[in-house]
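Asks: Right, I'll just put the structure down here and ask away after.
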Amino acid sequence: MLGAIFRDALKNLSSNLLRSGLTMLGVIIGVASVIAMMAIVEGGQVWLVSSIERLGTNLLFVWKKRLTIEEKRMFAGRNLKLRYDDALAIRDRFPELQVAPIIQIEGHVKAGERDYSGRITGTSPEFSPIRNFHPAEGRFLQQSDLQTWKRSAVLGKTIAEVLYGSKSAVGEQLKIGEHRFTVIGVMEPKGEVYGQDRDEMIFIPATTALRFFKGDDKIRSMVIHVPNRKQMEEVTHKLHQFLIQRHDGVDDIRVRNQGDFLGAVEQTIWTFRIVLGGVAIVALLVGGIGIMNIMLVTVTERTREIGLRKAIGATRQNILLQFLIESTTISVIGGCFGVILGIIAAYGFGDFVAQSMPGGGDWGAVIEPEAIAIAFVFAVSVGIGFGLFPAMKAAKLDPAEALRYQ
Amino acid sequence: MLITLRHIQKIYNTGEVEVKALNDLNIEIEQGEFVAIIGQSGSGKTTLLDILGCLSHPTSGDYWLDESHITTLPDSELTTIRNRQIGFIFQTFHLLPRKSALENVQLPLMYAGATRLQQQSRARELLTTVGLHDRVNHHSNQLSGGQQQRVAIARALANQPALLLADEPTGNLDSQSGSDILSIFEELHHQGQTIIMITHDPLIAQRANRRITLLDGRVLADEPTESPKEPMLQEN
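This is the structure:
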């Protein structure tokens, strides 16, 4: 009997193709948006995680916490701020760690007729191995550059091209502000990493940056490489305690490892999942309401048929099943088309991002089989759920009244 | 006794007014009778049909159909009774559109739980007995009114019901087709089928062998039809 009911459902749906199609459209859009949204979020996660991992592995980041006015007043006179000394102290206390202090200054660079205004980074030789970022020509900073406050500069690829065109920059002179520097190296092209274009960086020795441009010994942050990944948590904690101690017991710094960033990303991704998933599910629910709407119309239109079927022996369950199978068929077929449309939309989005978003080239859509399964199961549940009320209405019809319904 | 109605009352509550559609109705019908129930509109014919057909319960009174005390049965069992014991024939045929004659006749067999093969062979057989063996795959909109009503008769007979219940079976037909349908009824009657036919037309009621006249929800007259049937055919 199920087979006969199912054939009837198909026949009824195909006898009014336009209406069935429009009803399905709600489900199609719902399912497609669930799949596309999930694929985009998953793709985003993969992209963000790989971006973070490209920062370098086994890294710790140390920077100054912003204190409230209250805290500033409370801790007045204590040894606060992150200083160059802190970097040196860490190096003495934890010799196994590679430490690169980061000082950032805004500067105007002039080489002959050409010039460039931007950010200049003061750091130490460790920066290069830590960040896996190496010179293509000449050399990176050396300890001796720092010890004697050498006015040496290492240029990012783009900067070198801006200032010197195609000719070699190594050995050339340039001026940063009023100070004359010698170019000692040009970095390999690296492109954008986590929103920062590595090819637009200029490196000078940390000590030189402090002495000529800052006039104090405050640094912006530190990047630290931990040789053993398993010790990350332990080292993070120890380092944090060590710095608190150096800062007269005030916790005014943050020490973060990649795991912390990944955790934060994971949290953000979940927020997106919930928000976008919610929107998609609302779309699917609206599709379900469309099914309910049309099924109610169908039940009314077919009141006499329901009356006749009941008169000749259809039970309530028979009628309930008949209409439930019809609404479920709509949602199953709609779900199938929705899956296809969702996959197309997801890949379409992937291409769109790759072309239009800077650095988004790797943000492809990632379609998990689970996402398809979830969307499909949800669509079918919606079909059953929203078909139930009209089907129950049909099943409950009084046969005598239904037979004479005009 | 196939049918026994005792003190049947049916009261419709339409807001303020109570309408007594049937008022203390007592009827007995034996196996094999061909009964016409006649009356003007508002006499309670349709209400009586609904109750006889187990489509609705009376407000009070008792109804026995072939040993079953219908008035005590729940709705779910009435469904089975309608499927197995009663064959309905309606003025407007009530065939399902978009279905062939064969599929229409299959329906009550399907609800009775027959296999598809059983349904088809039985339906084919029934359509042959009503003279539609060459129309089995026609859809209802491809059949004339008389042919549609014959499909409906085949459908009504599908589960060999104890009672054939016809509601103005010729009301939508021209006189020739109507007469043909009535001939089928007579044939079935000769084979021992119990038939109750509701009509407002005294000429059609003549074709039955017993006539029950309703007025205002009561039996006004209950008598055998006396006139011979052959002259009737000529009048038609």
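Chains as they are written, first to last, in our numbering: chain A, 39 to 444; chain B, 30 to 265.
Idealized CB from N, CA, C, for every residue including glycine.
Relative to chain A, which residues along the stretch 214–225 of chain B have a C-beta separation below 9 Å, given in chain order?
Replies: none
Asks: To the nearest angstrom, report how far apart T341(A) and F427(A) are at their CA atoms.
Replies: Translated into positions along the first sequence, residue 341(A) becomes position 303. Translated into positions along the first sequence, residue 427(A) becomes position 389. Each residue's alpha carbon lies about 15 Å from the other.
Asks: Would you list the residues sitting across from P467(A) in a DSSP beta bridge?
Replies: The structure shown has nothing for residue 467(A), since chain A only spans 39 to 444.
Asks: Name the chain A residues that come within less than 8 Å of A141(B), Cβ to Cβ?
Replies: If you number the second sequence from 1, residue 141(B) lands on position 112. For A141(B), the chain A residues whose C-beta falls within less than 8 Å of its own C-beta are G351, listed in chain order.
Asks: Helix or strand or just coil, what does DSSP make of M330(A)?
Replies: Here residue 330(A) refers to the residue found at position 292 when the first sequence is read from its first residue. Three-state result, M330(A): helix.
Asks: Assess, as a yes-or-no matter, whether the stretch 52–69 of chain B is touched by the stretch 226–245 of chain B under the definition of 3 or more beta carbon pairs within less than 8 Å.
Replies: yes
Asks: Using a Cβ-Cβ cut-off of 8 Å, state whether M39(A) counts as contacting chain B.
Replies: What you label residue 39(A) is simply residue 1 of the first sequence in a count that begins at 1. Interface residue, yes.
Asks: Pairing CB atoms from the stretch 376–396 of chain A with CB atoms from the stretch 153–166 of chain B, are three or more of them under 8 Å?
Replies: no
Asks: Any Cβ of chain A within less than 8 Å of the Cβ of L54(B)?
Replies: Here the question's residue 54(B) lines up with position 25 in the second sequence. L54(B) does not count as touching chain A.
Asks: In angstroms, rounded to a whole number, what distance separates the CA positions of L362(A) and M75(A)?
Replies: In the first sequence, counting from the first residue as 1, residue 362(A) sits at position 324. In the first sequence, counting from the first residue as 1, residue 75(A) sits at position 37. C-alpha separation (whole angstroms): 29 Å.
Asks: Per DSSP, what kind of secondary structure is D79(B) in: helix, strand or coil?
Replies: Along the second sequence, read from residue 1 onward, the residue named residue 79(B) stands at position 50. Of the three classes helix, strand and coil, the one that applies to D79(B) here is helix, per DSSP.
Asks: Taking contact to mean 3 or more Cβ pairs, one atom from each stretch, closer than 8 Å, check whether the stretch 236–244 of chain A and the stretch 218–225 of chain A are in contact.
Replies: yes
Asks: Starting from L339(A), find everything on chain B with Cβ-Cβ shorter than 7 Å and list it in chain order.
Replies: Taking the first sequence and counting its residues from 1, the one referred to as residue 339(A) is at position 301. It is worth fixing the name first, because residue 339(A) is Glu in this sequence and not Leu. Going along chain B, no residue has its Cβ under 7 Å from E339(A), so there is no contact; the nearest lies around 11 Å.
Asks: Look at the alpha carbon of Q263(B) and the alpha carbon of L193(B), and state the distance between them as a whole number of angstroms.
Replies: Locating residue 263(B) in the second sequence gives position 234, where the first residue counts as 1. Locating residue 193(B) in the second sequence gives position 164, where the first residue counts as 1. Residue placement at Q263(B) is flagged as unreliable, the pLDDT there being 44, under the threshold of 50; the coordinate-derived value follows with that caveat. One C-alpha to the other measures close to 26 Å.
Asks: Can you name the residues that DSSP bridges to G64(A)?
Replies: As a working mapping, residue 64(A) is identified with position 26 in the first sequence. Looking at the DSSP assignment, G64(A) forms no beta bridge with any residue, so it has no partner.
Asks: Sort out for me which residues DSSP pairs E144(A) with in a bridge.
Replies: Translated into positions along the first sequence, residue 144(A) becomes position 106. DSSP lists R157(A) as partners of E144(A).
Asks: Within 10 Å of its beta-carbon, does M112(A) have 16 or more other beta-carbons around it, so buried, or fewer, so exposed?
Replies: What you label residue 112(A) is simply residue 74 of the first sequence in a count that begins at 1. It is exposed - the Cβ of M112(A) has fewer than 16 other Cβ atoms within 10 Å.
Asks: What would DSSP say about R35(B), mapped onto helix, strand or coil?
Replies: Counting from 1 along the second sequence, the entry for residue 35(B) is found at position 6. The answer is strand: DSSP assigns R35(B) an E or B state.
Asks: Taking only the alpha-carbon atoms, compute the straight-line gap between I43(A) and H162(B) and give it to the nearest angstrom.
Replies: By 1-based counting over the first sequence, the position of residue 43(A) is 5. By 1-based counting over the second sequence, the position of residue 162(B) is 133. Counting only the Cα atoms, H162(B) lies some 25 Å from I43(A).
Asks: Alpha carbon to alpha carbon, what distance is there between G150(A) and L193(A)?
Replies: For the purposes of this step, residue 193(A) is identified with residue 155 of the first sequence, where counting begins at 1. For the purposes of this step, residue 150(A) is identified with residue 112 of the first sequence, where counting begins at 1. Taking the straight line joining both Cα atoms gives about 16 Å.
Asks: Please list the residues of the stretch 317–342 of chain A that have a C-beta atom closer than 8 Å to any C-beta atom in chain B, keeping them in chain order.
Replies: R342
Asks: Pick helix, strand or coil for W101(A), following the three-state DSSP scheme.
Replies: Numbered from 1 along the first sequence, position 63 holds the residue referred to as residue 101(A). Strand at W101(A).
Asks: Where does N170(A) fall in DSSP's three states?
Replies: For the purposes of this step, residue 170(A) is taken as the residue at position 132 of the first sequence. In the structure shown, N170(A) sits in coil (DSSP, three-state: anything other than H, G, I, E or B).
Asks: Cβ of G44(B) less than 8 Å from any chain A Cβ?
Replies: Locating residue 44(B) in the second sequence gives position 15, counting from the first residue. Judged by the 8 Å Cβ criterion, G44(B) is not in contact with chain A.
Asks: Quick check on the burial criterion: 16 or more other C-beta atoms within 10 angstroms. Buried or exposed for H123(B)?
Replies: The sequence position of residue 123(B) within the second sequence is 94, counting from 1. H123(B) comes out buried.
Asks: Helix, strand or coil for S71(A)? Go by DSSP, reduced to three states.
Replies: What you label residue 71(A) is simply residue 33 of the first sequence in a count that begins at 1. When DSSP states are grouped into helix, strand and coil, S71(A) belongs to the helix group.
Asks: In chain order, which beta strand (DSSP E) runs of at least 3 residues are fully inside the stretch 200–231 of chain B?
Replies: 223–228
Asks: Find the nearest neighbour of D79(B) within the set E255(B), I227(B), N166(B), D53(B), judged by alpha-carbon distance.
Replies: Position 50 of the second sequence, counted from the first residue, corresponds to residue 79(B). When each option's Cα is compared against that of D79(B), the closest is I227(B).
Asks: Can you list the residues of chain B that P437(A) reaches, using a CB-CB cut of under 7 Å?
Replies: Within the first sequence, residue 437(A) is the residue found at index 399, counting from 1. Those are L84, listed as they occur along chain B.
Asks: Taking the beta carbon of K74(B) as the centre, do at least 16 other beta carbons fall within 10 Å, making it buried, or is it exposed?
Replies: Counted from its first residue, the second sequence places residue 74(B) at position 45. Answer is buried; the Cβ neighbour count reaches 16.
Asks: Against chain B, with Cβ distances strictly below 8 Å, would A47(A) count as a contact?
Replies: Counted from its first residue, the first sequence places residue 47(A) at position 9. Answer no: the Cβ-Cβ gap between A47(A) and chain B never drops below 8 Å.
Asks: When we look at the beta-carbon of D183(A) and count the other beta-carbons within 10 Å, is it buried (16 or more) or exposed?
Replies: As a working mapping, residue 183(A) is identified with position 145 in the first sequence. By the neighbour-count criterion, in which a residue is buried when 16 or more other Cβ atoms sit within 10 angstroms of its Cβ, D183(A) is buried.
Asks: Taking the alpha-carbon positions, what's the V87(A) to D124(A) distance?
Replies: As a first step, residue 87(A) is located in the first sequence; it is residue number 49 there, counting from the start. As a first step, residue 124(A) is located in the first sequence; it is residue number 86 there, counting from the start. Straight-line Cα distance between these residues: approximately 30 Å.
Asks: Would you kindly work out how many angstroms separate the C-alpha atoms of P190(B) and V72(A), rounded to a whole number?
Replies: Along the second sequence, one-based indexing puts residue 190(B) at 161. Along the first sequence, one-based indexing puts residue 72(A) at 34. Each residue's Cα considered, the two are about 53 Å apart.
Asks: Assuming I37(B) and P87(B) form a contact by the criterion Cβ under 8 Å, report the distance between their Cβ atoms to the nearest whole angstrom.
Replies: Position 8 of the second sequence, counting from 1, holds the residue named residue 37(B). Position 58 of the second sequence, counting from 1, holds the residue named residue 87(B). Their Cβ separation, rounded to whole angstroms, is 5 Å, which keeps I37(B) and P87(B) in contact under 8 Å.
Asks: Starting from the beta carbon of H87(B), find every residue of chain A whose beta carbon is closer than 8 Å, and list them in chain order.
Replies: If you number the second sequence from 1, residue 87(B) lands on position 58. First, the amino acid is wrong: residue 87(B) is Pro here, not His. What P87(B) touches in chain A: nothing, since even the nearest Cβ is about 12 Å away.
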